[in-house]
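*Asks:* In the numbering used here, the protein residues as written are 35 to 429. Glycine included, C-beta positions come from ideal geometry on N, C-alpha and C.
The structure is reproduced here in structure tokens:
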């Protein structure tokens, strides 16, 4: 079956629009002007770091009255043009094909497991199931809270049978303050759960482009709650990491971290634990859970473009591609892609596969919080044969 047999003029079940204006009100007016209010169930809004969240929220309330808007600040956007850094992205989900219910968890840190379990249980029970429709959940969490690991695990447990996908809110590369958009307001130290029901078929996906290189290292001293590693193999963390990858400590940067990740093994699969930065006394801060005694392996990269093409080439049994793919793509992937001057090629791949979403500080998939990973949900026509979400494939 050829792609020509399935002509595409943009997605059928969502309206995707964006604006590059640096004025919040103008950006919202331009992006929201393309959205039909009577036809919209809810809107996802992904904000660039340069736009003031409160101003955007106020403008969204004015331009999209009566339409629930959810979202977060980001470390980049994936629009109809591909990778962007300064775009306000709006994705409007059609009322005919989607229903939703939301819950906001704040404060997120300290995380109250009992409160989340109670809130999610009640919200899920009240969210009436429509016969023949499929369910999933989206989660957007403060990317600086350091609570995503536990949150993802709790949600997957409470929402048994409902797969959870999501991304951690970003703040460009500043790592200063990330915001969650819910109920017409912006919140920090918060997380949003969105229960979604749809008559579309969907398939979850999660992948990166790294394999274990065989060089193991051990975390010998860490501050677990702060995701801070003080020592690796008994030496100052940054010093030992730099030695292992053949780099001077002073040359360590987000681009270096992106190209030389550390992996952990979980249930025979390897997942990346990304480095956020270097702190005092050569300590290294991470974007996911870390602990004393953890054994990690340096990663070896595969070719990015062939991997991306292969993973996004999803088809129904009849050979039809997805209508669109909602994506949560780690900012470190984007940094590596830009460092290798592959941004234009990757943006072209995203355009051809109707990929829309944002760059994250971390990704959530089936109860796991991970880094430097592409997590997505591919939505297919409702009349197509069902595509069942499957567990991660062995690497």
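Can you name the residues that DSSP bridges to residue 205?
*Replies:* Residue 205 is bridged to 207.
*Asks:* Does DSSP put residue 305 in a helix, in a strand, or in coil?
*Replies:* It is a strand residue.
*Asks:* Between which two residues does the beta strand (DSSP E) holding residue 246 run?
*Replies:* Note, residue 246: beta strand (DSSP E), 244-257.
*Asks:* If you draw a straight line from the alpha carbon of residue 114 to that of residue 385, how long is it in whole angstroms?
*Replies:* Distance between the alpha carbons of residue 114 and residue 385 is about 6 Å.
*Asks:* Between residue 398 and residue 199, which are expected to be in contact by the criterion C-beta below 8 Å, what is the C-beta distance as a whole number of angstroms?
*Replies:* Yes, residue 398 and residue 199 are in contact; Cβ-Cβ is about 7 Å, under 8 Å.
*Asks:* Taking the alpha-carbon positions, what's the residue 308 to residue 101 distance?
*Replies:* Going from the Cα of residue 308 to the Cα of residue 101 covers about 36 Å.
*Asks:* Determine the direct distance from the alpha carbon of residue 128 to that of residue 415, and round the result to whole angstroms.
*Replies:* The alpha-carbon atoms of residue 415 and residue 128 are separated by roughly 13 Å.
*Asks:* Taking 7 Å as the limit between beta carbons, can you name the residues of its chain near residue 256, skipping five residues before and five after?
*Replies:* Cβ neighbours of residue 256 beyond the five flanking positions: 262, 263, 264, 324, 325, 326.
*Asks:* What are the boundary residues of the alpha helix (DSSP H) that includes residue 379?
*Replies:* Start and end: 377-386.
*Asks:* Closer than 8 Å is the cut-off here; do at least three beta carbon pairs connect the stretch 169-189 with the stretch 390-406?
*Replies:* With the cut-off at 8 Å, the stretch 169-189 and the stretch 390-406 touch.
*Asks:* Does DSSP put residue 373 in a helix, a strand or coil?
*Replies:* Three-state result, residue 373: helix.
*Asks:* Do the stretch 371-390 and the stretch 157-170 make contact, defined as three or more Cβ pairs closer than 8 Å?
*Replies:* At 8 Å Cβ cutoff, the stretches do not touch.
*Asks:* Hey, residue 110 and residue 392: beta-carbon distance below 8 Å or not?
*Replies:* Against a cut-off of 8 Å, the Cβ pair of residue 392 and residue 110 comes out as a contact.
*Asks:* Would you call the stretch 43-60 and the stretch 73-90 touching, i.e. three or more CB-CB distances under 8 Å?
*Replies:* Yes, since at least three Cβ pairs between the stretch 43-60 and the stretch 73-90 fall closer than 8 Å, the two stretches touch.
*Asks:* Are the CB atoms of residue 103 and residue 154 nearer to each other than 8 Å?
*Replies:* Contact flag unset, no.
*Asks:* Between residue 69 and residue 234, what straight-line distance do the alpha-carbon atoms span, to the nearest angstrom?
*Replies:* So the two alpha carbons sit approximately 20 Å from each other.
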